[in-house]
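*Asks:*
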Amino acid sequence: MFKNKYKKANNDIKVDNSLKEDTIKKMKSFNTKRKLPNLAFRVTLIIASIIEIASSLLIRNKRTESYAIALPEYPTKIGFEDYEEEMKRREEINGNFIKNLNKFSIDASSQVLKDTDRETNSLFSPISLYMALAMVAETAAGNTQEQIINALNMPNMDMISSETGKLFRKLYFHNEIGRLTLANSLWLNKDVAFNENKLKTLAEDYYAHSFSLDFQDKDSSNSISNWVSENTGGKLGNEPSEFSLDKEQVMTLINTVSFYDEWIDTFDKDKTKEDIFYLQDGRQVKNDFMNMKYSSHGFAYGQGYVVSRLNMKNRNSMIFILPDEDSSPYDIVANPEILQEAIDSLSSEKSGYGEVVFKIPKFSFSSKLELNDLARKLGIQDAFHMHEANFKPLSETKPLFLSDIKQSSYISIDEIGVEAAAFTQIVYSGSAMPEGRADMILDRPFIFIITGIDKSPLFVGIINNPTL
């Protein structure tokens, strides 16, 4: 019942007839094969992890117009207490897919975070990168596609195309308490012919909107910027210069993941107090800390760390990993096995229940990451080379190749809950036993992980200084 029906945008655009006729004309001209100069074209893909869904079909901004070519049909919203309807919508996801996805998420998080600036805070969204690369794989063929499939830790393209939509629907929620909304969009150079069947597949299997845009119009980046801003609650995408286009670009692909949820047990604001946070270099800063104590709560001690989590109302969780005083977050994230062990330990025989004291700094920050090196370390090579890349399923225009992958993220936590957002831009051109108590006194650098309903990592980050 959740199979999405592909729709032509002009069926839904609510505008006057003359404008609609003009829109249809432009859409038809877009589908006409064009003779293109023999140039190397770049494809831009932007992945945005944030918490809202955009549905505008025609965006006007100054002189720039973008026309919807293909639209997905999103899952219906379900009320927070509508358990019966939620059960009806549930689909079984392949267990091996989740296992493979989690390994990709941890491996990618380890590779990214271990090399980040140790004086600033860092945030990475593996689920956003996965969604973007899955769509890139769908548009590729041959060795190019095979390398991306392997990088995603998947056995074949069939698993990606069949399970990604299920994952999208399982993660998605938008109710009176919170939201985890994902949105995908492709911004297509109007002077390039694209495979309409492939755009249809991206709409049906990946919930991707497709928009036609004049890449030579200097104001076109405003349309993309507005879409990202709308789909991230205004947290990201407010600088059009981030989405600058040029005539050699072919496409920009955007995945947004927007997240907000509330703690099951909210913190008492009266107990929030200013205290000292100790930086890695020995300096001290003052910050507000939220405080809570559980008489019986889950925790685990591991190889150089203690870990516990706080649950949220929509069955998401935030895991906190506090390294030992003689260690640092980078000692943990540098080893994906230890990072995975820390997550798994809360549901293993290593976990215990006892008194847990939480002292968590309030923080809010943005993060920007360059991910080209990560993609190459994961084995994606041909996609970046003009003469090796194969994106013929997307367009017969040649040669197409990726030139850039970027991700921007945002997170904020307070006494009520957690809000997070991120966008990734890809351009085509032996542990101790629990002792009955754990002190999660997060007054020194620590790691946090936000997990979804299936325990897959959505966001992974490091707090080095909560005042930044």
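Final position of the sequence shown in the working numbering is 1188; the numbers increase by one with none missing.
From the three backbone atoms N, C-alpha and C, an ideal C-beta is built for every residue, glycine too.
Small disclaimer: the values here were computed from a predicted structure and weren't measured.
1. Please state whether DSSP places residue 1062 in a helix, a strand or coil.
2. Given that a residue counts as buried once 16 or more other Cβ atoms are within 10 Å of its Cβ, and exposed if not, what is residue 1181?
3. With residue 908 and residue 932 assumed to form a contact (beta carbons below 8 Å), what rounded beta-carbon distance in angstroms separates them?
4. So within the stretch 881-918, which uninterrupted beta strand (DSSP E) runs reach at least 3 residues, ignoring any that extend past its ends?
5. Do you know offhand how far residue 1093's Cα is from residue 1021's?
6. Excluding sequence positions up to five away, which residues of its chain have a Cβ less than 8 Å from the Cβ of residue 1055?
7. Using alpha carbons as the reference points, say which of 1160, 896, 1167 and 958 lies closest to residue 838.
8. For a quick check, are the C-beta atoms of residue 877 and residue 926 less than 7 Å apart?
9. Provide the residue(s) that pair with residue 1004 in DSSP beta bridges, ordered along the chain.
10. By DSSP's criteria, residue 846 is part of a beta bridge. Which residues make up the other side?
11. Using DSSP with H/G/I as helix, E/B as strand and the rest coil, what is residue 812?
12. Buried or exposed for residue 934, going by 16 or more other Cβ atoms inside 10 Å?
13. May I ask you to verify whether the stretch 983-999 touches the stretch 902-918, counting CB pairs closer than 8 Å and requiring at least 3?
14. Check whether the stretch 969-989 touches the stretch 890-905, counting contact only when three or more Cβ pairs, one atom from each stretch, lie closer than 8 Å.
15. If you check the beta carbons only, do residue 886 and residue 944 fall under 7 Å apart?
16. Do residue 1089 and residue 1018 have their CB atoms nearer than 7 Å?
17. For residue 928, which residues in the same chain have their Cβ closer than 7 Å to its Cβ, ignoring the five residues on either side in sequence?
18. Would you tell me roughly how many angstroms separate the C-alpha atoms of residue 709 and residue 821, rounded to the nearest one?
19. Cα separation between residue 666 and residue 1174?
20. Candidates 825, 1006, 1032 and 948: which alpha carbon is nearest residue 1162's?
21. Does DSSP put residue 923 in a helix, a strand or coil?
22. Using a Cβ-Cβ cutoff of less than 6 Å, which residues in the same chain neighbour residue 846 once the five nearest sequence positions on both sides are dropped?
*Replies:* Taking the geometry as given:
1. Along the sequence shown, one-based indexing puts residue 1062 at 342. Shown here, residue 1062 sits in a helix according to DSSP, grouped into three states.
2. Counted from its first residue, the sequence shown places residue 1181 at position 461. Per the 10 Å Cβ criterion, buried.
3. Mapped onto the sequence shown, residue 908 falls at position 188. Mapped onto the sequence shown, residue 932 falls at position 212. At roughly 5 Å, the Cβ-Cβ gap stays under 8 Å, so residue 908 and residue 932 are in contact.
4. 899-909, all fully within the stretch 881-918.
5. For the purposes of this step, residue 1093 is taken as the residue at position 373 of the sequence shown. For the purposes of this step, residue 1021 is taken as the residue at position 301 of the sequence shown. Between residue 1093 and residue 1021, the C-alpha separation is close to 33 Å.
6. Counting from 1 along the sequence shown, the entry for residue 1055 is found at position 335. Shown here for residue 1055: same chain residues with a beta carbon closer than 8 Å to its own, the five before and five after excluded, namely 830 in chain order.
7. Along the sequence shown, read from residue 1 onward, the residue named residue 838 stands at position 118. Out of 1160, 896, 1167 and 958, 1167 has the C-alpha closest to the C-alpha of residue 838.
8. Locating residue 877 in the sequence shown gives position 157, where the first residue counts as 1. Locating residue 926 in the sequence shown gives position 206, where the first residue counts as 1. Going by beta carbons, residue 877 and residue 926 fall outside the 7 Å limit.
9. Your numbering for residue 1004 matches position 284 in the sequence shown. Residue 1004 pairs with 998.
10. The residue given as residue 846 occupies position 126 in the sequence shown. Residue 846 pairs with nothing; no bridge assigned.
11. Position 92 of the sequence shown, counted from the first residue, corresponds to residue 812. Per DSSP, reduced to three states, the secondary structure at residue 812 is coil, with no helix or strand assignment.
12. Stepping through the sequence shown from its first residue, residue 934 is reached at position 214. Result: buried.
13. As far as the Cβ criterion goes, the stretch 983-999 does not touch the stretch 902-918, which means the pair count is below three.
14. Cβ pair count under 8 Å is three or more, so yes.
15. Position 166 of the sequence shown, counted from the start, is the residue given in the question as residue 886. Position 224 of the sequence shown, counted from the start, is the residue given in the question as residue 944. At a Cβ-Cβ threshold of 7 Å, residue 886 and residue 944 do not count as neighbours.
16. Position 369 of the sequence shown holds residue 1089. Position 298 of the sequence shown holds residue 1018. Contact: no.
17. As a first step, residue 928 is located in the sequence shown; it is residue number 208 there, counting from the start. Counting only Cβ-Cβ distances below 7 Å, and skipping sequence neighbours, we find 792, 855, 904, 905, 906 and 922.
18. Limits of the chain in this structure are 721 at one end and 1188 at the other, which puts residue 709 out of reach.
19. Residue 666 is absent from the model: the chain starts at 721 and stops at 1188.
20. For this step, residue 1162 is matched to residue 442 along the sequence shown. Taking only the C-alpha atoms, the option nearest residue 1162 is 1006.
21. Counting from 1 along the sequence shown, the entry for residue 923 is found at position 203. Assigned with DSSP and collapsed to three states, residue 923 falls in helix.
22. For this step, residue 846 is matched to residue 126 along the sequence shown. Hits under 6 Å: 825, 828, 829 and 1177.
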